[in-house]
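Line by line, the protein sequences give chains Z and F.
In terms of the working numbering, the first sequence opens at residue 69 and continues consecutively.
In terms of the working numbering, the second sequence opens at residue 69 and continues consecutively.
By construction, the Cβ of each residue, glycine as well, lies at the ideal position given by its N, Cα and C atoms.
Just so we're clear, the structure is a prediction, and the values are computed from it rather than from any experiment.
What follows is a short report on a single structure.
Protein chains: 2
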Amino acid sequence: MLTRTCHSMRGCKFNTAVPALFLFALLALHRMQVAQGVWPMPQKMIQSSENYPLNPQKFSFQYAEDSVAQIGCSVLDLAFKRYFKLIFPDYSRGNDAGEPFSVVVSVQSGGCDGYPDEDSKENYQMLISEGQGVLVAETVWGALRGLETFSQLVYQDDYGAYYVNQTVIVDYPRFPFRGILLDTSRHFIPVQAILETLDAMAYNKFNVFHWHIVDDPSFPYQSYSFPDLSDKGAFHRFTHVYTQTDIHRVISHARLRGIRVIPEFDSPGHTQSWGKGQPGLLTPCYNGKTPSGTFGPVDPTLTSSYHFMARLFKEVNAVFPDSYIHLGGDEVTFFCWNSNPQVQAFMEKMGFGHDFTKLESFYIEKILNITVALNKTAVLWQDVFDYHENIPKDTVLHVWKGTAQEYNEEMSKMTKAGYRVLLAAPWYLNHISYGQDWHDAYTVKPLNFSGTEKQKKLVIGGEVCMWGEYVDATNLMPRLWPRASAVAERLWSDEEQTFNVSEAYPRLAEFRCRLVRRGIQAEPLFVGYCKHEYQGL
Amino acid sequence: MLTRTCHSMRGCKFNTAVPALFLFALLALHRMQVAQGVWPMPQKMIQSSENYPLNPQKFSFQYAEDSVAQIGCSVLDLAFKRYFKLIFPDYSRGNDAGEPFSVVVSVQSGGCDGYPDEDSKENYQMLISEGQGVLVAETVWGALRGLETFSQLVYQDDYGAYYVNQTVIVDYPRFPFRGILLDTSRHFIPVQAILETLDAMAYNKFNVFHWHIVDDPSFPYQSYSFPDLSDKGAFHRFTHVYTQTDIHRVISHARLRGIRVIPEFDSPGHTQSWGKGQPGLLTPCYNGKTPSGTFGPVDPTLTSSYHFMARLFKEVNAVFPDSYIHLGGDEVTFFCWNSNPQVQAFMEKMGFGHDFTKLESFYIEKILNITVALNKTAVLWQDVFDYHENIPKDTVLHVWKGTAQEYNEEMSKMTKAGYRVLLAAPWYLNHISYGQDWHDAYTVKPLNFSGTEKQKKLVIGGEVCMWGEYVDATNLMPRLWPRASAVAERLWSDEEQTFNVSEAYPRLAEFRCRLVRRGIQAEPLFVGYCKHEYQGL
Numbered sequence: 069m070l071t072r073t074c075h076s077m078r079g080c081k082f083n084t085a086v087p088a089l090f091l092f093a094l095l096a097l098h099r100m101q102v103a104q105g106v107w108p109m110p111q112k113m114i115q116s117s118e119n120y121p122l123n124p125q126k127f128s129f130q131y132a133e134d135s136v137a138q139i140g141c142s143v144l145d146l147a148f149k150r151y152f153k154l155i156f157p158d159y160s161r162g163n164d165a166g167e168p169f170s171v172v173v174s175v176q177s178g179g180c181d182g183y184p185d186e187d188s189k190e191n192y193q194m195l196i197s198e199g200q201g202v203l204v205a206e207t208v209w210g211a212l213r214g215l216e217t218f219s220q221l222v223y224q225d226d227y228g229a230y231y232v233n234q235t236v237i238v239d240y241p242r243f244p245f246r247g248i249l250l251d252t253s254r255h256f257i258p259v260q261a262i263l264e265t266l267d268a269m270a271y272n273k274f275n276v277f278h279w280h281i282v283d284d285p286s287f288p289y290q291s292y293s294f295p296d297l298s299d300k301g302a303f304h305r306f307t308h309v310y311t312q313t314d315i316h317r318v319i320s321h322a323r324l325r326g327i328r329v330i331p332e333f334d335s336p337g338h339t340q341s342w343g344k345g346q347p348g349l350l351t352p353c354y355n356g357k358t359p360s361g362t363f364g365p366v367d368p369t370l371t372s373s374y375h376f377m378a379r380l381f382k383e384v385n386a387v388f389p390d391s392y393i394h395l396g397g398d399e400v401t402f403f404c405w406n407s408n409p410q411v412q413a414f415m416e417k418m419g420f421g422h423d424f425t426k427l428e429s430f431y432i433e434k435i436l437n438i439t440v441a442l443n444k445t446a447v448l449w450q451d452v453f454d455y456h457e458n459i460p461k462d463t464v465l466h467v468w469k470g471t472a473q474e475y476n477e478e479m480s481k482m483t484k485a486g487y488r489v490l491l492a493a494p495w496y497l498n499h500i501s502y503g504q505d506w507h508d509a510y511t512v513k514p515l516n517f518s519g520t521e522k523q524k525k526l527v528i529g530g531e532v533c534m535w536g537e538y539v540d541a542t543n544l545m546p547r548l549w550p551r552a553s554a555v556a557e558r559l560w561s562d563e564e565q566t567f568n569v570s571e572a573y574p575r576l577a578e579f580r581c582r583l584v585r586r587g588i589q590a591e592p593l594f595v596g597y598c599k600h601e602y603q604g605l
Numbered sequence: 069m070l071t072r073t074c075h076s077m078r079g080c081k082f083n084t085a086v087p088a089l090f091l092f093a094l095l096a097l098h099r100m101q102v103a104q105g106v107w108p109m110p111q112k113m114i115q116s117s118e119n120y121p122l123n124p125q126k127f128s129f130q131y132a133e134d135s136v137a138q139i140g141c142s143v144l145d146l147a148f149k150r151y152f153k154l155i156f157p158d159y160s161r162g163n164d165a166g167e168p169f170s171v172v173v174s175v176q177s178g179g180c181d182g183y184p185d186e187d188s189k190e191n192y193q194m195l196i197s198e199g200q201g202v203l204v205a206e207t208v209w210g211a212l213r214g215l216e217t218f219s220q221l222v223y224q225d226d227y228g229a230y231y232v233n234q235t236v237i238v239d240y241p242r243f244p245f246r247g248i249l250l251d252t253s254r255h256f257i258p259v260q261a262i263l264e265t266l267d268a269m270a271y272n273k274f275n276v277f278h279w280h281i282v283d284d285p286s287f288p289y290q291s292y293s294f295p296d297l298s299d300k301g302a303f304h305r306f307t308h309v310y311t312q313t314d315i316h317r318v319i320s321h322a323r324l325r326g327i328r329v330i331p332e333f334d335s336p337g338h339t340q341s342w343g344k345g346q347p348g349l350l351t352p353c354y355n356g357k358t359p360s361g362t363f364g365p366v367d368p369t370l371t372s373s374y375h376f377m378a379r380l381f382k383e384v385n386a387v388f389p390d391s392y393i394h395l396g397g398d399e400v401t402f403f404c405w406n407s408n409p410q411v412q413a414f415m416e417k418m419g420f421g422h423d424f425t426k427l428e429s430f431y432i433e434k435i436l437n438i439t440v441a442l443n444k445t446a447v448l449w450q451d452v453f454d455y456h457e458n459i460p461k462d463t464v465l466h467v468w469k470g471t472a473q474e475y476n477e478e479m480s481k482m483t484k485a486g487y488r489v490l491l492a493a494p495w496y497l498n499h500i501s502y503g504q505d506w507h508d509a510y511t512v513k514p515l516n517f518s519g520t521e522k523q524k525k526l527v528i529g530g531e532v533c534m535w536g537e538y539v540d541a542t543n544l545m546p547r548l549w550p551r552a553s554a555v556a557e558r559l560w561s562d563e564e565q566t567f568n569v570s571e572a573y574p575r576l577a578e579f580r581c582r583l584v585r586r587g588i589q590a591e592p593l594f595v596g597y598c599k600h601e602y603q604g605l
C-alpha cells in the first residue's frame, strides 16, 4: 500500500532511494513498539526495534532533488531551523559518535509562499532507515506535519544520546479542519501568548486558529478604517490592542506552521464594545417611551449599520488571507429590539409580525451578502440555522450546544440539509473539573450521528473552544494543554486505533512531557514526573 | 485606641513624631476609601483622600532611632531592598517631582536572626502622613507584615506617578497559623517554584509553609542519614531530589519573609516510596501463607522500624528549625497488616484482638515519643484522633475531612478534649470547578462550631492544601492564586468586615493584578483586565 501511494506521486523518492523489497520487509516486521511517542497517532505506522544513533553534528535536513520546494522555501527553511532545535534541545553538548543522518524532504506540488487553506493537503509519508529519513509530502503543509512527526520519533537514552528507530509512516488527517478558538475580548491575550499557543498547536497538528477577536467586553482589533473601535472599545487603547503589525505577525507565525487564521467578528449580538467607538451602530433600548441609555444588538433597521459592516468586512478581508470568515450570529436577545419604537415600526413595515427571528434572519442575510461579495466562506454558530434554514448552502455551521444526543441530532439535521459542519460542543475546554477530564474530550465520536456516508463527509472537523471568562495568559497554557491534545488526536487519527483512554494515557503522558520540554506549560495528567520538569518562572 | 496601644510600647515613635491630636483628627476623618487595595484587609484602617506623591529617588526606608532592629538586621535590610522594587516596579524611569518620603520602622523587641515560630507576634501599626510613614511593630515579623501593607497602599496614576494616601492602620492576624501545603511527592516541584510560592505567600501574609515532602509516589528528601531513601525512592536521584542545600535555601527564603517551614513525614501509611531505600521498613503483604511481593504501611511490630524513625526524625529535627513537625497518620489501611502472620502474632501477644486501630495507636504513640524527646510539637491528621483519643494534649490536630457540618462537629469534639486545631477541610484548593469557586473558600467560618470561648481559642488557624495528583510547577501558580488569597483574608482579617463576596471582588481583582505585576501567574477572577498583563513565556 505504501509503495502504491508512492507510485502515484510525481518522481517519488522512495522508489529510487529504497528498494521496494526493503519496504515490504519492513512492513512485515513484527511491531516492536506501536506509535512510540507520536501524538496524534499516525494513520499507519510501523517501527522495528532497530535504531540509529543521531549525532547533532552530522545531522541534516535536505531538499530532495525532485522536490518542487528547494532552498529558499520560507516555510521549510525555517521549519528545518526550528525542528533542529526541537529535536536536539541540548545539541551544543556535542557527541561525536554516530554516522551522518539526513532527513530528505520531497514536496510534490504547490508553492512555499502561500497560505494554508481549506483545500491544503497535509498527507505525508516517511521512511526512516539507516543514515536517512525520507519524507514525501504533496505540499509544504504536509511536509511540516511530517517534520513534526519525525521530531517526535527521536528520543534520548539515559546518557543523552539521540536515537531514531527504523520506521515507516503513511499519514494524513481524518478531518481537514482542526481548530482552536481563543477569546481575546473577555481577557486580552498578549501576542506572545498567542504565538506560544500557535507553537503548541503545530506540535499537536492543529491547523486552524479561530480568533474570536472581539466581543461584548472589549474590542482589541485596531481597525484602520474605524480606529475609534479599539480607541474606545478596547480595555486600553495602547496596551490592550492588536495593531495591524501584531495581526500580521500572528498570521505569519501561523502560516509558517501550516495554521490558518480565521477571524470572528460576531454580530449582531455580542457587540457591546463596538458601540463605544461607533455611535449609532447598536440598538438603543427603551424604558417605555424613553431611551434607557443602554444598548442592544446591532440596529438591523438602519442602512448605516450595513454600510459600516461592509467597510469593516472589506478591511477584515484585506487583513486576513484565509478564505473563511466567522460571522458569529449566536445568542441574540430580543428584549432590546422589542423595546425600541423604530424597530417595532420596521417589523411592521417588513411584515415580520412579532417574530424577531425574522428580523435576525434579515440582518444575517445582509451580512452574508457582504461576505459573499468578498468571496469568503462564512462560518456561523448553530443559532442561525436553528431559526432560519434558508442560509446559503456553502456556509459552514458551527455546532456548540448541548449534550452528545443534542449535538448529534443537530449535525444530522444540518448535514441532511447539505451544510458543512464543525463540531465544538463537546470541546469547550475552558470548562474544567477535577481529575482526568481529558477522557471526555477524547472519547467523543464526531460522526456518531444518524446520516448517510455523504452526510458524514460534510463534517469538516472540530474545534476546541477556550472562552475567556476565566482565562487569560496566566492560566491559558495549563488549561489548554494537554487537554486539547486529546482533541488533536480525535481530529487527526483513526478513531478505531485511538479510542481507548488507558492505551492513550502513557502516550499522552509522554507527549505532555515533550511539550513541557519545548517550553509549553502543559499540566500533568496524573501522578508522575517528566525527565525535564518545568522549573517555574 | 491607636494611641493607647502605642503607649503600651517601649519608646513609641508615634508619640514623639506625631501629635496625638493629629491622630485623633485622622481617626475622625470621613472614610474616603475603605482599605484601598490592601489584601488581606487590615483589622483597622482609616484613610483620607489626602495623598502624597512618592518620588523613588527621594524615597527611603529607615530604622527608627528607638528601634531594637538597626542596619545589619538581615530580615529588614533585605526586606527594604525587596519592597523598594515591589513598590516602584519602574523606578529607574526617574521622576524628580515630589518631596522626600521616609518609611521609618521601629521594632520593639526580639532579634533579627531567629526563625518565626508559633509565638511570633505579627501585629503592627502604621501612620502615613506628609513626608513620612511610621511603622511600629513588636517584632521584625510584624514589621514585614507592615511593609507588605505599605507596598500595597502605594498606587500609580495614569501617568505612572506614585502616590500614597494619608492612612492609619492597626493590624494583627486573626489566627497565628496561616498555612499552605505543597505536595512534592506526587509531583516534584522544583525549588524555584517553591520559592515563588513563598514570595506569593508573603504578599498574602501567609506564614506557614507545610511541606508535604514525601509520600507514596516519591521520596525527594535527600537524607544524610539514609541516602538510599531518595537514591531509590525519588523519581530521579539527581534531578528530582531536594538536597540539604535546597532545603536550607527554602528555609532561609521563608525565614526572610516571616514564614515557618513545617515538614511532614507522614507514616505509617503513605510510605510506599520509603520502602525502596529502606528494605524491611514496610510490612510485607501476604497471599495466604506466602508474601505477595507488595508492601503495606510501616511494620509496627519491629523495633528496627522505631530505630529507623528515631534516627530519621533526629535528622529532620536538626534540619528544620521550626518547633512543629507534621507526622501525618492519615489513611492507614489494614488489609496488609491483617494478611501478615508476624503482625497477627504481635496483635495476639499485645492483646489487641482484631482491632487494628490499637496497633496503629501503638505505632503513633511510639513515634510521638520520639518527637516529644526532640522537644517538637507534633501535628497529626484528624484520623489519629478519630480512633484514638488518648494522644498527648499538646499535639495539634489537623482537620481535613468532610462537609462544613462534619468538620464543625470534629472541631467541636477536638477542642472539647482540649486539643489545638488546624482547619484544612474546606480549603483543598487542588480541587477545582468552573467559575468563581473562590467564593466557597472565602465564605468559610472557621469558628462556627458549637463550643465555648475557650474552645474557639484552640483553633490556631487553617491551611490551604494543594495536593499533587494533578498539580506540578506547570499549573501550580494559577491554581493556587488568587484562590488561596481568599483563604488568606479569612485567616488574617476580621470575619465581620470581610464576609461579603461582592464587596471583596473588586479588592481581590485589584490584588490579583498586583500579584501579576509582581510576576505571580495568578489567574483572573472573571472578565476584565490588568493594567500590566502577564505576557506569556
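Excluding the five sequence neighbours on either side, which residues of its own chain have a C-beta within less than 6 angstroms of the C-beta of residue 600/Z, listed in chain order? In its chain, beyond the 5 residues on either side, 585 have a beta carbon closer than 6 angstroms to the beta carbon of residue 600/Z.
If I measure Cβ to Cβ from residue 606/Z and keep anything under 6 angstroms in the same chain, skipping five residues before and after, which residues do I get? There is no way to answer for residue 606/Z, as the model of chain Z reaches only from 69 to 605.
At which residue ranges does the stretch 188-230 of chain Z contain complete alpha helix (DSSP H) runs of 4 or more residues, listed in the order of the chain? Fully enclosed alpha helix (DSSP H) runs of 4 or longer: 208-221.
Which of helix, strand or coil does DSSP assign to residue 354/Z? It is a strand residue.
Are the C-beta atoms of residue 190/Z and some chain F residue less than 7 angstroms apart? It does not; no Cβ of chain F falls within 7 angstroms.
Could you tell me which residues DSSP pairs with residue 400/Z in its beta bridges? Residue pairing by DSSP places residue 400/Z in no beta bridge whatsoever.
Can a CB atom of chain Z be found closer than 7 angstroms to the CB of residue 98/F? Caution applies to residue 98/F, whose pLDDT of 45 falls short of 50 and renders its modelled position unreliable; the model cannot decide the point.
Nearest neighbour of residue 255/Z, chosen from 573/Z, 339/Z, 302/Z and 143/Z [CA to CA]: Scanning 573/Z, 339/Z, 302/Z and 143/Z for the CA closest to the CA of residue 255/Z turns up 302/Z.
Proximal residues, the stretch 499-525 of chain Z versus chain F, C-beta separation under 9 angstroms: The stretch 499-525 of chain Z vs chain F, Cβ under 9 angstroms: 499, 500, 501, 502, 503 and 504.
Should residue 9/Z go down as buried or exposed, given a rule of 16 or more other Cβ atoms within 10 Å for buried? This structure does not reach residue 9/Z, given that chain Z is present from 69 up to 605, and the question cannot be answered.
To the nearest angstrom, how far is it from the Cα of residue 289/Z to the Cα of residue 363/Z? Distance between residue 289/Z and residue 363/Z, taken at the CA atoms: about 21 angstroms.
Closest Cα partner of residue 152/F within the set 186/F, 181/F, 220/F and 313/F: Among 186/F, 181/F, 220/F and 313/F, the Cα nearest to that of residue 152/F is on 220/F.
Just to confirm the assignment: which complete alpha helix (DSSP H) runs, minimum length 4, are found wholly within the stretch 316-349 of chain Z? Correct list: 340-345.
Are the beta-carbon atoms belonging to residue 499/F and residue 502/Z less than 7 angstroms from one another? The criterion of a C-beta distance shorter than 7 angstroms is satisfied by residue 499/F and residue 502/Z.
Terminal residues of the alpha helix (DSSP H) in which residue 445/F lies: From DSSP, residue 445/F is part of no alpha helix (DSSP H) but of the beta strand (DSSP E) over 445-449.
May I have the straight-line CA-CA distance separating residue 268/Z from residue 308/Z, to the nearest angstrom? Cα to Cα, residue 268/Z sits roughly 23 angstroms from residue 308/Z.
Could you give the DSSP three-state label for residue 112/F: helix, strand or coil? Reduced to three states, the DSSP call for residue 112/F is strand.
Secondary structure of residue 595/F, DSSP reduced to three states: Looking at residue 595/F - three-state DSSP - the assignment turns out to be coil, as it is neither helix nor strand.
CB of residue 509/F within 7 angstroms of CB of residue 495/F, strictly: Between residue 509/F and residue 495/F, the C-beta gap is smaller than 7 angstroms, which places the two residues in contact.
Tell me the residue span of the alpha helix (DSSP H) that contains residue 412/Z. Looking at the DSSP string, the run of the alpha helix (DSSP H) that includes residue 412/Z is 409-418.
C-beta atoms of residue 408/Z and residue 351/Z nearer than 7 angstroms: Going by C-beta atoms, residue 408/Z is nearer than 7 angstroms to residue 351/Z.
Using 7 angstroms as the limit for Cβ to Cβ distance, is residue 454/Z near chain F? So no, residue 454/Z is outside the interface.
Examine chain F for any beta-carbon lying closer than 7 angstroms to the beta-carbon of residue 255/Z, and answer yes or no. Yes, because at least one Cβ of chain F sits closer than 7 angstroms to the Cβ of residue 255/Z.
Answer with yes or no whether the minimum CB distance from residue 271/F to chain Z is below 7 angstroms. Not closer than 7 angstroms to any Cβ of chain Z, the Cβ of residue 271/F fails to qualify, so no.
By Cβ distance, which residues of its chain are closer than 6 angstroms to residue 156/Z, with the 5 residues on each side in sequence left out? Within the same chain, residue 156/Z has close Cβ partners 124.
What residue range does the alpha helix (DSSP H) around residue 555/Z cover? Unbroken alpha helix (DSSP H) run through residue 555/Z: 551-560.
Specify, as a first and last residue, the run of the alpha helix (DSSP H) that residue 152/F falls within. Secondary structure note for residue 152/F: its alpha helix (DSSP H) is the uninterrupted segment 142-155.
Answer yes or no: does any C-beta atom of chain F fall closer than 7 angstroms to that of residue 336/Z? Output row for residue 336/Z: interface = no.
Using C-beta distances below 6 angstroms, list every residue in its chain close to residue 101/Z, excluding the 5 sequence neighbours before and after it, in chain order. With a pLDDT of only 43 at residue 101/Z, under the threshold of 50, the placement of this residue in the model should not be trusted; the figure read from the coordinates follows. Correct list, in chain order: 115.
Could you tell me the distance, in whole angstroms, from the CA atom of residue 565/F to the CA atom of residue 551/Z? About 40 angstroms.
Would a check of beta-carbon distances place residue 290/F closer than 7 angstroms to chain Z? Under the Cβ criterion of 7 angstroms, residue 290/F is not counted among the residues facing chain Z.
Start and end residues, beta strand (DSSP E) containing residue 373/Z: Unbroken run through residue 373/Z is the alpha helix (DSSP H), 371-387; no beta strand (DSSP E).
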